[in-house]
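I have placed the structure first, in the form of C-alpha cells, so that the comments after it can refer back to it.
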Amino acid sequence: MSTLHVISHSPFGDNRLNSCLRLLGSKDGLLLCGDAVYALQAASAPLASLHASNLQGRLFALEEDLQARAINTDDGVQAIDYPAFVALSLDYDKVNTWL
Numbered sequence: 001m002s003t004l005h006v007i008s009h010s011p012f013g014d015n016r017l018n019s020c021l022r023l024l025g026s027k028d029g030l031l032l033c034g035d036a037v038y039a040l041q042a043a044s045a046p047l048a049s050l051h052a053s054n055l056q057g058r059l060f061a062l063e064e065d066l067q068a069r070a071i072n073t074d075d076g077v078q079a080i081d082y083p084a085f086v087a088l089s090l091d092y093d094k095v096n097t098w099l
C-alpha cells in the first residue's frame with residue numbers, strides 16, 4: 001500500500017521530517033508544503049537527508065510555498081500547484097499528514 005506523506009512544519013523546529021524519512025516505503029511519496037519547504041534550502045542538513053533517501057520521482061513541493069519563501073528547487077523535486085496536489089493524492093492509496 002502506498003502513502004503520500006504531507007509535511008508542513010519547518011524541519012528546523014522539530015524532527016517530523018527525519019521521522020517521516022525513516023518510515024517511508026519504496027512506493028511512498030513526500031509532499032513538502034508550508035514551512036516544510038525550508039528543507040529544500042541549498043546546502044542544508046534536511047536537504048542532504050532528502051537526497052540520501054532516494055526519493056527520485058516521489059518528492060514534491062507546493063509551488064506557491066516555494067515562491068512565498070524564495071526557495072529554488074533542484075532536479076530531484078517536483079514543484080506542483082494545488083490542482084496537481086489533489087491529483088497526486090489520488091495516485092496513492094492513502095494520505096498521511098504529519099501534524
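Position 56 of the sequence shown, counted from 1, bears residue number 56 in full-length UniProt numbering, the numbering being contiguous throughout.
For each residue, glycine too, the CB sits at the ideal point set by N, CA and C.
This structure is a prediction, so every number in the text was calculated from the model and none was measured.
One alpha carbon belongs to N18, the other to T97, and they sit about 14 Å apart. Distance between C33 and M1, taken at the CA atoms: about 23 Å.
According to DSSP, residue pairing for G29 in a beta bridge involves L4.
For L50, the uninterrupted alpha helix (DSSP H) run begins and ends at 45-52, by DSSP. L24 is bridged by DSSP to nothing; it lacks a bridge partner. Using a 10 angstroms sphere on the CB of G29, the tally of other CB atoms reaches 16 or more, which defines it as buried.
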